[in-house]
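Data first, discussion second: the structure below is written as structure tokens.
Residue numbers (the UniProt record's numbering): 1 to 679.
In structure tokens, the structure reads:
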């Protein structure tokens with residue numbers, strides 16, 4: 001394992017293969033199949049600081065001489081760092097090394113294959129000397145190889161000592177041949193040559209791009225709120241609703257921080273159009289008191305660079321952001337490139353929209369859905385002018401302390417927009433794609449720069465569905481795409497959540513929080529709001545079209561969410577994605593997985609056992625793959641349930657009971673002090 005380098009700013013990643021040194025030739029020591037590689041090396045593989053991942057390659061050569069391999073990491077300042085690789089499958093010539101970076105920035109890596117003269121001699125000498133064949137010749141050849149290692153590879157005097165002593169011993173005829181050989185193959189010699197090897201015929205692969213980002217790009221707990229609902233109330237005297245403000249929303253931040261969330265995500269805060277405004281539950285007729293959808297952006301009060309007057313001023317927004325920061329919260333803002341018919345852009349730049357044959361501007365449609373209150377942008381008529389305006393808007397919000405953008409429907413805009421926009425903003429900014437669309441588009445959005453993506457987690461409920469989907473996300477896709485799991489959103493209320501009781505809501509939050517390093521909760525989850533709009537997978541009385549005056553003093557699920565987030569913060573294993581490992585259960589409705597991570601000199605190991613039908617009590621045996629927990633097959637350990645605080649003695653096979661009369665899920669910490677068995 002190795003750690004490295006510094007943030008580099010701005011600019012787009014080089015595109016052509018030639019710009020990253022790709023070549024079609026095979027080196028003297030062939031190196032092929034290097035990974036991870038994204039789009040043939042035209043786009044970077046991704047990680048965050050401290051995130052370990054494997055670099056793999058196939059490295060081989062003709063004949064029987066020893067071959068070896070090294071990963072070379074190049075930091076943003078151009079300094080190179082070597083990491084030895086290990087052959088993990090001799091029959092397939094497969095090599096691997098675990099690497100990581102301790103600072104953000106633009107890196108690259110390559111694999112170098114090389115002939116290993118010491119390894120070749122070591123192999124042959126042991127066989128021949130023990131057999132009494134060419135003994136003096138083999139011992140002299142070993143001395144010469146070590147002399148080369150001293151002369152050709154930079155070392156300190158202290159580092160040369162074991163090699164020099166071995167040279168002298170190999171030529172010391174007063175010793176037995178076995179004793180002379182033993183000096184040449186000693187642990188001290190092998191250790192020194194592993195650290196600073198003698199390498200012949202070094203053959204590098206292409207340099208592949210690697211982008212290292214800050215930790216929040218992978219790990220974080222999100223909390224979504226509509227600012228206008230926080231503090232909203234119905235005025236009995238006027239018979240109308242009074243909007244919440246940034247000031248009243250700021251009062252909610254203490255509770256959000258107390259629950260352990262890292263990010264507070266705000267739906268759009270801009271002026272809302274009056275033309276074709278939608279009423280309650282997406283009605284085409286809006287009453288005078290209906291606030292309209294915050295996604296229908298723009299009116300005479302301004303557009304995407306303005307705040308809704310009822311929410312307050314920019315000073316009030318700045319105060320909200322400042323309070324969030326005091327509480328350790330980052331502020332994410334919805335970037336919804338939608339325009340109401342009365343958005344200022346419509347009059348000033350009609351070319352930025354699509355004009356139909358009758359002269360009208362086309363409103364948004366996703367048949368059979370119609371969005372009469374929204375005009376979608378057209379990027380084909382004046383792409384440069386429209387891009388510059390969007391970039392200006394983004395910079396307005398960056399200047400006011402927004403550090404994360406949740407982008408609404410990015411898959412309905414051209415990909416070049418996001419590639420440029422993300423490259424033209426500070427590399428610390430995080431972009432979350434709300435793209436419930438076909439996998440190729442979701443994956444390509446990640447490849448062009450989005451750090452995170454919404455996923456299909458909300459619709460994956462069975463054991464095969466979850467195992468297959470999460471295996472995909474934690475596998476090769478993890479090199480460029482990071483999931484953010486949400487049990488519900490303001491647009492999504494699946495049948496499972498509509499029918500499920502408290503155990504189902506506990507289960508889905510806990511699964512989201514442990515399967516994925518990033519997950520999110522939509523305000524109202526604590527109150528288990530689950531009444532659907534008939535015929536739709538969304539809430540009745542949807543908050544997109546009205547105010548919600550929630551009674552947070554009522555008993556709710558906030559303590560449970562707080563516990564889940566406390567567990568996440570305390571256990572670094574849950575901060576990672578690629579470390580997901582599956583285990584077995586006799587019951588097909590029980591999901592078992594683990595996550596492990598070494599931090600400093602200790603392993604943090606978590607085992608999760610979940611009843612996927614929590615309204616039914618399930619008794620079953622689970623079967624742990626002990627090596628995945630860093631244990632021997634015959635070991636036993638203390639299993640500490642972080643949900644209930646209970647302790648059990650567990651081993652490879654364990655009996656569990658989960659259901660409404662117990663808990664829907666175990667989150668088990670494998671207690672290192674409780675491990676017993678031969679070590």
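Cβ coordinates follow ideal geometry from the N, Cα and C atoms, glycine included.
| Asked | Found |
| --- | --- |
| According to the Cβ coordinates, are residue 59 and residue 119 closer than 7 Å? | no |
| Report yes or no: do the stretch 286-298 and the stretch 387-399 share at least 3 C-beta pairs separated by less than 8 Å? | no |
| How would you write the range of the beta strand (DSSP E) that residue 623 sits in, first residue to last? | 618-623 |
| Measure the Cβ-Cβ separation of residue 167 and residue 146 and say whether it is below 7 Å. | yes |
| In whole angstroms, what is the alpha-carbon distance linking residue 155 and residue 518? | 45 Å |
| Helix or strand or just coil, what does DSSP make of residue 29? | coil |
| Whole angstroms are fine: how far does the CA of residue 333 sit from the CA of residue 249? | 14 Å |
| Nearest-angstrom Cα distance between residue 150 and residue 162? | 10 Å |
| How is residue 159 classed by DSSP in three states: helix, strand or coil? | helix |
| Please report the straight-line C-alpha distance between residue 419 and residue 445, rounded to a whole angstrom. | 8 Å |
| Do residue 71 and residue 80 have their CB atoms nearer than 7 Å? | no |
| Which residues bound the beta strand (DSSP E) around residue 106? | 105-115 |
| Across which residues does DSSP place residue 265 in a beta bridge pair? | 224, 332 |
| Just to confirm, does residue 279 get its C-beta within under 6 Å of one of the non-hydrogen atoms of the ligand FMN? | No copy of the ligand FMN occurs in the structure displayed, which carries no ligand at all. |
| Look at residue 680 and residue 220 and say whether their C-beta atoms are less than 7 Å apart. | A question about residue 680 goes unanswered here, because the residues of the chain that appear run from 1 up to 679. |
| Per the DSSP calculation, residue 211 is bridged to which residue(s)? | 46, 106 |
| According to DSSP, is residue 176 helix, strand or coil? | coil |
| Give the secondary structure of residue 57 by DSSP, where H, G and I count as helix, E and B as strand, and everything else as coil. | strand |
| In terms of residues, what are the limits of the beta strand (DSSP E) holding residue 562? | No beta strand (DSSP E) holds residue 562; the alpha helix (DSSP H) holding it covers 558-570. |
| Once you ignore the five residues that flank residue 578 on each side, which residues in its own chain have a CB closer than 7 Å to its CB? | 53, 474, 478 |
| According to DSSP, simplified to helix, strand and coil, what is residue 643? | coil |
| What does DSSP give as the partner residue(s) for residue 456 in the beta ladder? | The partner list for residue 456 (beta bridge, DSSP) is empty, contrary to what the question assumes. |
| Should residue 115 go down as buried or exposed, given a rule of 16 or more other Cβ atoms within 10 Å for buried? | buried |
| By a C-beta neighbour count over all protein chains shown, 10 Å radius and 16 as the cutoff for buried, is residue 600 buried or exposed? | exposed |
| Would you call the stretch 524-542 and the stretch 489-504 in contact, with 3 or more CB pairs under 8 Å? | yes |
| Could you work out which residue in 265, 61, 84, 41 is closest to residue 91 when comparing CA atoms only? | 61 |
| Does DSSP classify residue 313 as helix, strand or coil? | coil |
| Which of the three DSSP states is assigned to residue 182 in this structure? | helix |
| Reducing DSSP to helix, strand and coil, say where residue 237 ends up. | coil |
| Taking the runs of the beta strand (DSSP E) that are 3 residues or longer, which of them lie wholly in the stretch 419-471? | 430-434, 452-454 |
| Measuring only the C-alpha atoms, how far is residue 561 from residue 486? | 13 Å |
| Assign residue 94 to one of three DSSP states: helix, strand, or coil. | strand |
| Which of the three DSSP states is assigned to residue 191 in this structure? | helix |
| For the stretch 341-353 against the stretch 309-328, are there 3 or more C-beta pairs whose distance is under 8 Å? | no |
| Could you pull out every residue in the same chain whose Cβ sits closer than 7 Å to the Cβ of residue 543, ignoring the five residues on either side in sequence? | 226, 229, 490 |
| With distances taken between CB atoms, is the gap from residue 658 to residue 618 smaller than 7 Å? | yes |
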